[in-house]
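Engineer: A single structure is presented below for examination.
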Amino acid sequence: MIDSLQENVAIILPENGLEEKLNQAKKENRKLSVKLGFDPTAPDLHLGHAVVLKKLKQFQDLGHQIIIVVGSFTARIGDPTGKNKARKPLSAEDVKHNAQTYINQLSKIIDVQKTKIVFNSEWLDALDFSEVIQLLSKVTVAQLMQRNDFNKRFTENTSIAMHELVYPILQGFDSVKIECDIEMGGTDQLFNCTMGRQLQEVHRMPAQIIMCMPLLRGLDGKEKMSKSLNNIIGLTDEPNEMFGKTMSIPDVLIEEFINLITDFSMEEKVTLVSRMTEGENPMNIKKLIAKNIVTQYHDKTAAEQAEQFFISQFQNKNFEEKIYQPVTIDSLASTYSRISIVELCHHLKNDLSKSAIRRLILSGGIQINNTKITDLNEEMEMIPGTKIKVGRRGFFELI
């Protein structure tokens, strides 16, 4: 059991902490409280989030109590991003909307009915100013400067706002309030999780252990999966989109995807990695990964249909035989007989900015009736039967 729980975990602090917590829970005949905190800064979850959520599901399946802490207070002040500036704070309305969307999506991986969901505004809003000062007194500036991005910005004489220094203390205080045994997160959350452990010790409580999962790299194969970098596979992506995006990952990510986001057995994972290292065509392995992912977040039938769609769209070279999504002319521009290519493609793929569409045109990624568009200012008539290809996975036909 413990080997399974430790599988793929990047950091466990202290090293023997998980075994001690499990033994303690067994001795006391109780469930462990396993925390995951998130600030609802954007409403969409992706496979990067799933790495941690799948580990939470393992604890839940063993009967332990999962606690999701929604940063309904901390999201309103703005957290340090790990870069050179703070993240923009959210309004109360944004927090409420994004939190509900997150919770709805959590059900794709964990059993929400068995999960305790709390909002840290419940206790942070209740603190008066003297209590805030008392909390801040538990942490030194030297301890805060151990956080890499704080240290780097201080050394480079880049501004650090006071609320950024307070943020990890507030997040750590969440662990005190819920009496957390284990806090989960990505490796980029190590400092904040450690703060929770420190504050529990100051409050003379049993200190939580920390389990940090690796950061899944995104479709670019370089940066961590992040919506702001537009390199994600979303948990709510349609099957065809999910399958196609997975097939687009660079070969260097294959083993990472197998280990972190598929639900193959350990034996199956070892076999797939071996097949790849022995020289099998990476596309074959990617198809198996893509089907596994789509099956997890949709179902087996959807995965099989998505595979057939991919073969038709991307392995069949015949432009005319591909499957096109019908789009009514009236839904695009009922008052115009002509429309710019940039504007048209933005209507068809509203997840792409106009700047991104212009870059696609310059790189040959836009086709009208099997002809590449190269002029950024080109317009076209709205004629039924016109077929448009936008990027690698966007196929549309005007009706």
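Just so we're aligned, residue 6 is where the sequence shown starts under the working numbering, counting upward by one.
In this text, a Cβ means the ideal position worked out from N, Cα and C, and glycines have one as well.
#1: Rounded to whole angstroms, what is the Cα-Cα separation between Q148 and Y329?
#2: Taking the beta strand (DSSP E) that G369 falls in, what are its first and last residues?
#3: From which residue to which residue does the alpha helix (DSSP H) around G249 run?
#4: Suppose the cutoff is 6 Å on Cβ atoms and the five residues either side in sequence are ignored; what does the same chain contact list for A308 look like?
#5: If you follow the alpha helix (DSSP H) that F134 is part of, which residue opens it and which one closes it?
#6: Do M189 and L10 count as a contact pair if the criterion is CB distance below 7 Å?
#7: So is T379 buried or exposed if we call it buried at 16+ other beta carbons inside 10 Å?
#8: If you run the structure through DSSP and keep just helix, strand and coil, what is G399?
#9: Assess, as a yes-or-no matter, whether the segment 199-215 is touched by the segment 230-242 under the definition of 3 or more beta carbon pairs within less than 8 Å.
#10: Could you tell me whether the Cβ of M210 comes closer than 7 Å to any Cβ of chain B?
#11: Out of K274, K157, N197, N375, point me to the one whose CA is closest to I294's CA.
#12: Cutting at 8 Å between CB atoms, please list the residues of its own chain near T340, excluding the five before and the five after it.
#13: Taking 7 Å as the cut-off, decide whether the C-beta atoms of A97 and P45 are in contact.
#14: Quick check on the DSSP output: what are the complete alpha helix (DSSP H) runs of length 4 or more inside the segment 30-113, in order along the chain?
#15: The alpha helix (DSSP H) that contains I187, what's its start and end?
#16: With respect to the beta strand (DSSP E) encompassing R222, which residues constitute its N-terminal and C-terminal limits?
#17: What residue range does the beta strand (DSSP E) around P331 cover?
#18: How close, in whole Å, do the beta carbons of V57 and M271 come, if the pair is a contact with beta carbons under 8 Å?
#19: For V146, is the classification buried or exposed, using 16 other Cβ atoms within 10 angstroms of its Cβ as the cut-off for buried?
#20: Please return the same chain residues whose Cβ sits closer than 6 Å to the Cβ of R202, not counting the five positions on each side in sequence.
#21: Taking the alpha carbon of K250 as the reference point, which residue from R280, G396, M167 has its own alpha carbon closest?
#22: Let's test the definition: count the other Cβ atoms within 10 Å of the Cβ of Q105 and tell me whether it reaches 16, buried, or not, exposed.
#23: Quick test of your reading: K121 and I72, contact by CB under 8 Å. State the CB separation rounded to the nearest angstrom.
Structural biologist: By the coordinates alone:
#1: For the purposes of this step, residue 148 is taken as residue 143 along the sequence shown, with counting starting at 1. For the purposes of this step, residue 329 is taken as residue 324 along the sequence shown, with counting starting at 1. So the alpha carbons of these two residues sit roughly 57 Å apart.
#2: Position 364 of the sequence shown holds residue 369. Premise fails: G369 is in no beta strand (DSSP E) and is neither H nor E.
#3: Within the sequence shown, residue 249 is the residue found at index 244, counting from 1. Residues 244-252.
#4: Here residue 308 is taken as the residue at index 303 of the sequence shown, counted from 1. For A308, where only same-chain residues beyond five positions count, the Cβ hits under 6 Å are K296, V299, T300.
#5: Stepping through the sequence shown from its first residue, residue 134 is reached at position 129. 134-141 is the extent of the alpha helix (DSSP H) around F134.
#6: Within the sequence shown, the letter at position 5 stands for residue 10. Within the sequence shown, the letter at position 184 stands for residue 189. The answer is no: Cβ separation not under 7 Å.
#7: On the sequence shown, residue 379 is found 374 positions in, with the first residue counted as 1. The residue is exposed, with fewer than 16 neighbouring Cβ atoms inside 10 Å.
#8: For the purposes of this step, residue 399 is taken as residue 394 along the sequence shown, with counting starting at 1. Residue state for G399 is assigned as strand, using DSSP reduced to three classes.
#9: Judged by pairs of C-beta atoms under 8 Å, the segment 230-242 does not touch the segment 199-215, as fewer than three such pairs exist.
#10: Within the model displayed, chain B is absent; a lone protein chain is all it includes.
#11: What you label residue 294 is simply residue 289 of the sequence shown in a count that begins at 1. Residue K274 is the option with its Cα nearest to I294.
#12: Numbered from its first residue, the sequence shown carries residue 340 at position 335. Confidence at T340 is low in this model, with a pLDDT of 49, below 50, so its placement is unreliable and no value can be given for it.
#13: Position 92 of the sequence shown, counted from the first residue, corresponds to residue 97. Position 40 of the sequence shown, counted from the first residue, corresponds to residue 45. Going by C-beta atoms, A97 is not nearer than 7 Å to P45.
#14: For the segment 30-113, whole alpha helix (DSSP H) runs of length 4 or above, ordered along the chain, are 52-66, 97-111.
#15: Taking the sequence shown and counting its residues from 1, the one referred to as residue 187 is at position 182. Segment 187-191 is the beta strand (DSSP E) holding I187; no alpha helix (DSSP H) there.
#16: As a first step, residue 222 must be located in the sequence shown, where it is residue number 217. Careful: R222 lies outside any beta strand (DSSP E) and carries neither H nor E.
#17: Here the question's residue 331 lines up with position 326 in the sequence shown. 330-332 is the span of the beta strand (DSSP E), which, as asked, contains P331.
#18: To locate residue 57, count along the sequence shown from 1; it is residue 52. To locate residue 271, count along the sequence shown from 1; it is residue 266. Between V57 and M271, the beta carbon gap of about 19 Å keeps them out of contact (Cβ cut-off 8 Å).
#19: Residue mapping note: residue 146 aligns to position 141 of the sequence shown, counting from 1. Taking all protein chains in view, the Cβ of V146 is surrounded by fewer than 16 other Cβ atoms within 10 Å, so the residue is classified as exposed.
#20: One-based indexing of the sequence shown puts residue 202 at position 197. In the same chain as R202, and ignoring 5 residues on each side of it, the C-beta atoms closer than 6 Å to its own belong to A212, Q213, in chain order.
#21: What you label residue 250 is simply residue 245 of the sequence shown in a count that begins at 1. Nearest in C-alpha terms to K250, of all of R280, G396, M167, is G396.
#22: The residue you call residue 105 lines up with position 100 of the sequence shown. Its Cβ having fewer than 16 others within 10 Å, Q105 is exposed.
#23: For the purposes of this step, residue 121 is taken as residue 116 along the sequence shown, with counting starting at 1. For the purposes of this step, residue 72 is taken as residue 67 along the sequence shown, with counting starting at 1. Contact flag correct, Cβ pair sits at about 5 Å.
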